[in-house]
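Okay, structure first, notes after.
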Amino acid sequence: MSFTIGVTGGIGSGKSTVARAFAAHGIDWIDADDVAREVVEPGEPALEDIANHFGPGILTDDGHLDRRALRSIVFSDEAERRWLESVTHPRIRERLEAHLARMAATDAPYHLLVSPLLLESDQHRLVDRCLVIDIPETLQVSRTASRDGVDEEQARAIVAAQMPRQERLAKADDIIDNSGDADDLARQVARLDHLYRHPHQTA
Ligand code: ATP
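Residues 550 to 752 (my numbering) are what the sequence shown spells out, left to right.
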């Protein structure tokens with residue numbers, strides 16, 4: 550039986566980077582963002598519901614979801630955003646639960662659920678411990694801007710719309726400070742890997 554560590558943090562904090570560092574210790578993970586993309590792929594019932602609701606203009610020529618068009622609708626319309634979530638969230642949750650059940654049934658000591666909305670949604674109920682990846686907001690902005698090729702103002706707006714840093718930290722069981730370099734991160738991950746493998750010892 551393997552237990553579930555929820556990994557979360559703001560945009561550009563390093564959630565995927567941390568997941569890869571745990572993978573180097575043989576740890577499996579599922580990324581809620583990947584699952585969220587899967588449930589609206591062509592052929593999925595959620596995409597059919599979305600096309601029926603918003604009309605065929607919400608699809609690209611090759612039948613994929615036009616994410617930019619959808620974002621611009623739900624960004625300015627709270628009721629539409631709620632409707633969209635009512636269609637996608639139960640399906641995301643169902644798949645996450647299936648992935649987690651599969652990983653829980655292995656001999657691994659633990660596995661990860663990586664999710665930007667772990668604390669904002671009810672996904673935190675799916676995990677045994679919550680690991681928050683923390684960096685100062687200035688670093689969040691600069692790393693996001695350089696990774697996504699967006700300007701810093703856009704990155705700052707996304708950071709400002711997310712859960713405040715202190716609120717997130719207050720909900721953490723464990724914290725990784727990812728403001729250092731790759732070696733510093735690897736050391737912190739190794740320490741936590743030891744803790745999660747030997748939960749009855751103190752770190
Ligand atoms: P998102 O929420 O947008 O999916 P994320 O939290 O998964 O982002 P990553 O994609 O892992 O964040 O990291 C954001 C960027 O910062 C990437 O370009 C990554 O290579 C870089 N990065 C992560 N950790 C470090 C570090 N310790 N030092 C320097 N750069 C880093």
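The C-beta atom is built at its ideal place from N, Cα and C for all residues, glycine as well.
Residue span of the beta strand (DSSP E) that contains residue i, given as start and end
i, result
"threonine 637", "That residue, threonine 637, is in no beta strand (DSSP E); its alpha helix (DSSP H) goes 627 to 653."
"histidine 613", "Here histidine 613 belongs to no beta strand (DSSP E), and DSSP marks it neither H nor E."
Residue i - partner residues in DSSP beta bridges
i, result
"valine 663", "Val556 and Asp580"
"aspartate 598", "Its beta-bridge partners do not exist; DSSP assigns none."
"isoleucine 724", "Val681"
"leucine 608", "Leu614"
From the options, residue whose alpha carbon lies closest to that of residue i
i, options, result
"isoleucine 682", "Met652, Leu718 and Gln750", "Leu718"
"serine 728", "Val556, Val676 and Ser562", "Ser562"
"leucine 680", "Met550, Phe552 and Gly558", "Gly558"
"glutamine 711", "Glu669, Arg569, Asp677 and Val676", "Glu669"
"histidine 602", "Ala570, Ser635, Asp580 and Ala581", "Ser635"
"alanine 595", "Glu643, Lys564 and Ser551", "Glu643"
"arginine 640", "Asp583, Ala721, Gly698 and Asp730", "Asp583"
Euclidean distance between Cα positions of residue i and residue j
i, j, result
"leucine 619", "isoleucine 607", "7 angstroms"
"proline 605", "glutamate 597", "10 angstroms"
"histidine 749", "methionine 652", "22 angstroms"
"serine 625", "proline 591", "25 angstroms"
"histidine 613", "arginine 630", "19 angstroms"
"leucine 741", "aspartate 610", "46 angstroms"
"leucine 503", "alanine 581", "Outside the modelled stretch of the chain, which goes from 550 to 752, sits residue 503, for which no answer is possible."
"arginine 674", "glutamine 703", "31 angstroms"
"aspartate 677", "serine 664", "14 angstroms"
N- and C-terminal bounds of the alpha helix (DSSP H) containing residue i
i, result
"aspartate 671", "Taken as a continuous stretch (DSSP letters only), aspartate 671 belongs to no alpha helix (DSSP H), as it is neither H nor E."
"alanine 719", "714 to 719"
"histidine 743", "731 to 746"
"alanine 568", "564 to 572"
"glutamine 703", "701 to 710"
"glutamine 689", "686 to 697"
Segment contact flag, the stretch 657 to 671 with the stretch 569 to 581, C-beta cutoff 8 angstroms, min 3 pairs: yes
Cβ contact (3+ pairs, closer than 8 angstroms) linking the stretch 660 to 680 and the stretch 689 to 698: no
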